[in-house]
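Okay, so here's the structure we're looking at.
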Amino acid sequence: MRFLQAILMAMARLADGGIKGFEWCWKRFLNLLPGGGGGGTVMPPKTLDLPDVDEAHDAKEAAANQQLAADYLLSSPERVALAWARASNDERDSIPLSKLTTDQIDWLEVRLTDDQLKILASEKSEYKVAAALAGQEDAIAGVPSVPTPKKKFGPDLTDRISEFRMNGIERPPAYVH
Numbered sequence: 040m041r042f043l044q045a046i047l048m049a050m051a052r053l054a055d056g057g058i059k060g061f062e063w064c065w066k067r068f069l070n071l072l073p074g075g076g077g078g079g080t081v082m083p084p085k086t087l088d089l090p091d092v093d094e095a096h097d098a099k100e101a102a103a104n105q106q107l108a109a110d111y112l113l114s115s116p117e118r119v120a121l122a123w124a125r126a127s128n129d130e131r132d133s134i135p136l137s138k139l140t141t142d143q144i145d146w147l148e149v150r151l152t153d154d155q156l157k158i159l160a161s162e163k164s165e166y167k168v169a170a171a172l173a174g175q176e177d178a179i180a181g182v183p184s185v186p187t188p189k190k191k192f193g194p195d196l197t198d199r200i201s202e203f204r205m206n207g208i209e210r211p212p213a214y215v216h
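Take any residue in the sequence shown, note its place counting from 1, add 39, and you have its number in this note's numbering.
Written out as structure tokens, the structure is:
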């Protein structure tokens, strides 16, 4: 449609103005071709909206400080347990529990109720949390400690037999003079 309009305009200009009309038609025709054809108006360069150097430096420093804080919060088993207890259900998936043993992870995820997790989250002392993780009874009021495996009170019969046999092997030979 534009092409037909340009042809009609060119014919009218040719009839009206002679050489100047021909010149106008030629420029108009070249501008219709793909790629622009002739020289058109030059667009002013776009100004880029780049952040200020100081703002970029401040953002980088803030990100580094945030990473240091996250590393500090997850640097010990006590802090990991506290961070996990204080986090919401959605945030708990992003907290790595690699500093905890399997018994401690089971204690946090399965054994503690929501009310007990709230008590643990409100705990201020890392020493009490460490004692609860170590299995010390009544370390934190209202929160059971990590269960520890029951220890045997004496050597088992098989332990006594193997110890007796090993003592016979390791004993130096007795020489009679």
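Backbone N, C-alpha and C define an ideal beta-carbon position, used for all residues, glycine too.
**OP:** Rank T140, P83, N128 and A98 by C-alpha distance to the C-alpha of V185 and give the top, closest one.
**Re:** T140
**OP:** Tell me whether L159 is buried or exposed, calling it buried when 16 or more other Cβ atoms sit within 10 Å of its Cβ.
**Re:** buried
Original post:
My guess is that E117 and L156 are in contact by the Cβ rule of under 8 Å, so how many angstroms apart are they, rounded?
Top reply: Not confirmed; about 15 Å, so no contact.
Original post:
Between the C-alpha atoms of E94 and T152, what's the straight-line distance to the nearest angstrom?
Top reply: T152 has its alpha-carbon roughly 45 Å from the corresponding atom of E94.
Subject >> Validate contact between the stretch 163-180 and the stretch 108-122 using beta carbons, cut 8 Å, 3 pairs >> reply: yes
Subject >> First and last residue of the uninterrupted alpha helix (DSSP H) at I158 >> reply: D153 to S161
Original post:
Assuming E202 contacts I179 under a Cβ cut-off of 8 Å, what Cβ separation, rounded to an integer in Å, is found between them?
Top reply: Their Cβ separation, rounded to whole angstroms, is 40 Å, which puts E202 and I179 out of contact at 8 Å.
Subject >> DSSP three-state assignment for V81, whether helix, strand or coil >> reply: coil
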